[in-house]
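Enquirer:
Protein chains in written order, with this note's numbering: chain X, 921 to 993; chain D, 13 to 488.
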């Protein structure tokens, strides 16, 4: 069972929620097993609201990048 | 007329007797599924002397009194080991967060979790480790009050054993008693579900699937299920109340089923999970769950730990705690009391009997599986270190080649210490053979129990990763 690696990119450091549970931080590499997950981050000021993706074929050198943009109101 | 009255009385008595025959004590049902309530990892505080940053997991194997004594010796040694961590001097035992156990090891783990340091006051040794438990259990069979129970088809010898442990060893404690302790270690007693062949953990997350309230269940029943050695003891039954508590299945189940083609093994795991709560689906009719010795699925209690390392899903997910940068040092101590298979058999040309063959058929795959499990955990530990090392090496190469960019230092590092305590690491041939020839039973001579306790301490002290840990955080 090999680890998969994900990096959730955002302009600020925030908690990452995977399937609704706090699991890692933005801009840090997160270890996870292969599978489909819904990613979001703490707060309201970002877009899209969530990203669902099947995570596979990643390495520690090439993590899957999940990107959220800050919304300035 | 008198004869007729006598006949009627006898028939009436027999009917009364048969209807009062034993049925298994029902596991309590759960009125409503509440994911934040019950015996779950999240509902226990770490404890006064227990930090999250130093996370200690113990796994106790099966093996009757031999396993119980060896793991007891390890607990004693952890209690004697002083460490300095985050400015506090304390015992390493105080830092234990999770104990996962199987069969014989479950007696020590459950007694310790329930009674904490009182396990060392001599009572446990006297009442369990050094007692002839087999004789005590057999004597229960000769009690007329138990005969009526045993006539029943759903009440077996494991139910009798569970009642006995409940009275004799655990003083009617339930999982609520463990919750009332308020702090870790979190106890994970492993049994094997005969219907799925997988582990059945006595934690509320598992009991949710069958809408049963673990908090009201006697600990003794869980220990009895964990140690229901096939053939010697009967399976233990739980009623499946699925569909009565508004259980909400985890999203990962539907997702795993959706991606069956990509990951068929994961889909199968999801199906096994579903088999508890989709009991009215065609092909699935699980009104009762029959449990046998946890050793059938995993004789060292490590699979549930591995699951916690691999998955973000369980409440005790270690993977999640690492991602959240909670754990700095992860210590896993596996106490494995495995021995040789019966060497006496090969001294004679006699064809082995049916019981011998069945026992061999059920125990040899366990030993092989145990080896695989240890290898998987080792692989997992290596994988953690390799990912960090890989990024560091890459950066070194880039620096050496005057590369203007560097990989960010954003993969969390932690220190991992895996200690596998096994008789195989005893160097002296005679001593090793002596320990590896000990029987699996619930009666061992007092001196043998003492030797096992001492060996538990020695094995722990001599394990390389444990020595490394103490070099780093050991106190004078």
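Glycine residues also receive a C-beta, built at the ideal position from the N, C-alpha and C atoms.
Computed from a prediction, not measured in an experiment: that's the story for all the values here.
Going by DSSP, name the residue or residues bridged to residue 486 of chain D.
Expert: In DSSP, residue 486 of chain D forms a bridge with D:95.
Enquirer: Kindly list the residues whose CB is nearer than 7 Å to the CB of residue 393 of chain D, restricted to its own chain and excluding five residues on each side of it in sequence; keep chain order.
Expert: If we look at residue 393 of chain D and ignore the five residues flanking it on each side, its Cβ neighbours are 428, 430.
Enquirer: Can you tell me whether residue 418 of chain D is helix, strand or coil according to DSSP?
Expert: Correct three-state label for residue 418 of chain D: coil.
Enquirer: Pull up the CB-CB distance for residue 50 of chain D and residue 83 of chain D, whole angstroms please, since I reckon it's below 8 Å.
Expert: Incorrect: roughly 26 Å between the Cβ atoms, too far for contact.
Enquirer: The beta strand (DSSP E) that contains residue 103 of chain D, what's its start and end?
Expert: Here the beta strand (DSSP E) through residue 103 of chain D covers 100-103.
Enquirer: From this set, D:119, D:172, D:195, D:92, which residue's C-alpha is nearest residue 64 of chain D's C-alpha?
Expert: Ranking D:119, D:172, D:195, D:92 by Cα distance to residue 64 of chain D puts D:195 first.
Enquirer: Rounded to a whole number of angstroms, what is the C-alpha to C-alpha distance between residue 407 of chain D and residue 123 of chain D?
Expert: Looking at the two C-alpha atoms, the distance is approximately 50 Å.
Enquirer: Relative to the C-alpha of residue 58 of chain D, which residue among D:95, D:52, D:197, D:92 is closest?
Expert: If we check each option's Cα against that of residue 58 of chain D, D:197 comes out closest.
Enquirer: How would you label residue 417 of chain D, buried or exposed, when you count the other beta carbons within 10 angstroms and need 16 or more for buried?
Expert: So residue 417 of chain D ends up on the exposed side.
Enquirer: Take the Cβ of residue 292 of chain D as the centre, count every other Cβ of all protein chains shown within 10 Å, and call the residue buried at 16 or more, exposed below.
Expert: When all chains shown are included, residue 292 of chain D counts as exposed.
Enquirer: What's the gap between the Cα of residue 174 of chain D and the Cα of residue 36 of chain D?
Expert: Going by the C-alpha atoms only, they are around 10 Å apart.
Enquirer: Cα separation between residue 938 of chain X and residue 985 of chain X?
Expert: Going from the Cα of residue 938 of chain X to the Cα of residue 985 of chain X covers about 14 Å.
Enquirer: Going residue by residue through the region 237-271 of chain D, where are the continuous beta strand (DSSP E) segments of at least 3 residues, counting only ones entirely within it?
Expert: Taking only runs of at least 3 residues, the beta strand (DSSP E) segments lying wholly in the region 237-271 of chain D are 248-251.
Enquirer: Assess contact between the region 222-239 of chain D and the region 171-191 of chain D, defined as three or more Cβ pairs (one per stretch) separated by less than 8 Å. Is contact present?
Expert: The region 222-239 of chain D is in contact with the region 171-191 of chain D.
Enquirer: Using 9 Å as the limit for Cβ to Cβ distance, is residue 979 of chain X near chain D?
Expert: True, the Cβ-Cβ gap to chain D drops below 9 Å.
Enquirer: Please classify residue 290 of chain D: does DSSP put it in a helix, a strand, or coil?
Expert: It is coil, neither helix nor strand.
Enquirer: What does the alpha-carbon distance come out to for the pair residue 454 of chain D and residue 144 of chain D?
Expert: Their Cα atoms are separated by approximately 7 Å.
Enquirer: In the DSSP assignment, find the unbroken alpha helix (DSSP H) run with residue 56 of chain D in it and report its ends.
Expert: Where residue 56 of chain D is concerned, there is no enclosing alpha helix (DSSP H), given that its DSSP letter is neither H nor E.
Enquirer: Report yes if the C-beta distance between residue 983 of chain X and residue 945 of chain X is below 9 Å; otherwise report no.
Expert: No, the Cβ-Cβ distance between residue 983 of chain X and residue 945 of chain X is not below 9 Å.
Enquirer: Would you tell me roughly how many angstroms separate the C-alpha atoms of residue 368 of chain D and residue 213 of chain D, rounded to the nearest one?
Expert: Near 29 Å, if we compare the C-alpha coordinates of residue 213 of chain D and residue 368 of chain D.
Enquirer: Do residue 111 of chain D and residue 69 of chain D have their C-beta atoms closer together than 9 Å?
Expert: Yes; because the gap between Cβ atoms is below 9 Å, this pair is in contact.
Enquirer: Cβ of residue 963 of chain X less than 9 Å from any chain D Cβ?
Expert: Chain D, which has no Cβ nearer than 9 Å to the Cβ of residue 963 of chain X, makes this no.
Enquirer: Reducing DSSP to helix, strand and coil, say where residue 973 of chain X ends up.
Expert: If DSSP states are grouped into helix, strand and coil, residue 973 of chain X belongs with the strands.
Enquirer: Mind listing which residues of the region 929-962 of chain X have their C-beta closer than 9 Å to chain D's C-betas, in chain order?
Expert: The residues in question are 935, 936, 938, 939, 940, 941, 942, 943, 944, 945, 947, 948, 949, 950, 951, 952, 953, 954, 955, 956, 957, 958.
Enquirer: Just how far apart, CA to CA, sit residue 373 of chain D and residue 380 of chain D?
Expert: Straight-line Cα distance between these residues: approximately 12 Å.
Enquirer: Tell me whether the region 196-210 of chain D and the region 233-251 of chain D touch, counting them as touching only if at least three CB pairs, one residue from each stretch, are closer than 8 Å.
Expert: At 8 Å Cβ cutoff, the stretches touch.
Enquirer: Would you mind telling me which residues of chain X sit closer than 8 Å to residue 406 of chain D, beta carbon to beta carbon, in chain order?
Expert: The contacting residues are 981.
Enquirer: Residue 181 of chain D and residue 240 of chain D: beta carbons closer than 9 Å?
Expert: Their beta carbons are not under 9 Å apart, which means residue 181 of chain D does not touch residue 240 of chain D by this criterion.
Enquirer: With 9 Å as the threshold, decide whether the Cβ of residue 177 of chain D is near any Cβ in chain X.
Expert: For residue 177 of chain D, the answer is no, since every Cβ of chain X falls outside 9 Å of its Cβ.
Enquirer: Just verifying my parser: in three-state terms, what is the DSSP assignment at residue 143 of chain D?
Expert: DSSP places residue 143 of chain D in coil when its eight states are reduced to three.
Enquirer: Within 9 Å (strictly less), CB to CB, does residue 8 of chain D reach chain X?
Expert: Outside the displayed range of chain D (13 to 488) lies residue 8 of chain D, so it cannot be described from this structure.
Enquirer: For a contact meaning CB atoms closer than 9 Å, what does residue 402 of chain D contact in chain A?
Expert: Going by chain labels, chain A is absent from the structure shown, which instead holds the protein chains X and D.
Enquirer: Three or more C-beta pairs closer than 8 Å, one from the region 39-55 of chain D and one from the region 258-269 of chain D: is that the case here?
Expert: A contact exists between the region 39-55 of chain D and the region 258-269 of chain D.
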